[in-house]
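Residue numbers (the numbering used here), protein chains in the order written: chain G, 134 to 245; chain R, 3 to 114.
Idealized CB from N, CA, C, for every residue including glycine.
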Amino acid sequence: NAGVTQTPKFQVLKTGQSMTLQCAQDMNHNSMYWYRQDPGMGLRLIYYSASEGTTDKGEVPNGYNVSRLNKREFSLRLESAAPSQTSVYFCASSPFGANVLTFGAGSRLTVL
Amino acid sequence: DAKTTQPNSMESNEEEPVHLPCNHSTISGTDYIHWYRQLPSQGPEYVIHGLTSNVNNRMASLAIAEDRKSSTLILHRATLRDAAVYYCILRLRGGSQGNLIFGKGTKLSVKP
Numbered sequence: 134n135a136g137v138t139q140t141p142k143f144q145v146l147k148t149g150q151s152m153t154l155q156c157a158q159d160m161n162h163n164s165m166y167w168y169r170q171d172p173g174m175g176l177r178l179i180y181y182s183a184s185e186g187t188t189d190k191g192e193v194p195n196g197y198n199v200s201r202l203n204k205r206e207f208s209l210r211l212e213s214a215a216p217s218q219t220s221v222y223f224c225a226s227s228p229f230g231a232n233v234l235t236f237g238a239g240s241r242l243t244v245l
Numbered sequence: 003d004a005k006t007t008q009p010n011s012m013e014s015n016e017e018e019p020v021h022l023p024c025n026h027s028t029i030s031g032t033d034y035i036h037w038y039r040q041l042p043s044q045g046p047e048y049v050i051h052g053l054t055s056n057v058n059n060r061m062a063s064l065a066i067a068e069d070r071k072s073s074t075l076i077l078h079r080a081t082l083r084d085a086a087v088y089y090c091i092l093r094l095r096g097g098s099q100g101n102l103i104f105g106k107g108t109k110l111s112v113k114p
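Structure, rendered in C-alpha cells:
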C-alpha cells in the first residue's frame, strides 16, 4: 500500500516563481489536508478538504491555493513564492469524520 | 481551542518503560486525546487516541486521568526506533475540519 504520496520530495524556487505540490492517496479517504512545518515547530494546517468538491481554509492559508481534483488527489499551489514559504509541506488524509490521519513523507521547499 | 502542554524533551534508556505526560486542562467533553509521533525526516504517524477510558494498542498505552485534564502515553519498552517527537493533540469528536492543533511536542531520546 502506497498510502499518501507527495511529489516532488524536494524543490528549490526563486522568489516570485509558482509551483504546485501534488498529493494522492489510495485509501479511499474522503478528507485530505495540507500542513506546513517550520524548523522546531509543530505542524500548521494550511487548507483542508472534508470531502470531494469542498475546500476550506486552515490556520495559515495566505499565499496558497488548493484544488481537490478528485477523491484521490489534492494539490497545493503557490502562485508567487516568497522566502517565508520555505518549509516542509505534509499532505494527509482520513476517512470523513474519523480521528486518524495518515501523512505523506513530506515535500521540502526552499524559496530563495 | 483547547491546547496541550508537554515537556520539551525527555530521555529514556533502551528497553525501559517511558511515560510521556500531557496536560490539557481546558479540554471539553467532546475532545478526543490523540498522540502522534514524528520520526526524523518523516511525516507524523498516528500512535493512539482515546476519549475517557484507558486505551491499549500494539504501539503504546494511553492513560487518561479521571477528570480528563491530563493524560500519559506509555511506551512499555523503549527501543532506539522510538526516538521521535511525540505530539499530544486534542481533536473534536467527529470533526472533519482537520483541526489537529500540533504543539511543539516532546522530543524523546532513547539511549542504548
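- In the same chain as V199 (chain G), and ignoring 5 residues on each side of it, the C-beta atoms closer than 6 Å to its own belong to Y180, T188 and L209, in chain order.
- The DSSP-derived three-state label of L178 (chain G) is strand.
- Approximately 33 Å separates the beta-carbon atoms of S111 (chain R) and S30 (chain R); this is outside 8 Å, ruling out the contact.
- Contact between R93 (chain R) and H36 (chain R) holds: their C-beta atoms lie close to 5 Å from each other, under 8 Å.
- In this structure, DSSP gives P23 (chain R) an extended state, which the three-state scheme calls strand.
- Its Cα nearest to that of E185 (chain G), the residue G:E206 stands out among G:N232, G:M174, G:C224 and G:E206.
- In the structure shown, D84 (chain R) falls within a helical segment according to DSSP collapsed to helix, strand and coil.
- Excluding sequence positions up to five before and after D171 (chain G), its CB lies within less than 7 Å of the CB of S220, all in the same chain and listed in chain order.
- The residues A80, T81, L82, V112, K113 and P114, in chain order, have a CB closer than 7 Å to that of E16 (chain R) in the same chain once the five nearest residues on each side in sequence are set aside.
- Between the alpha carbons of L242 (chain G) and Y88 (chain R) lies a distance of about 24 Å.
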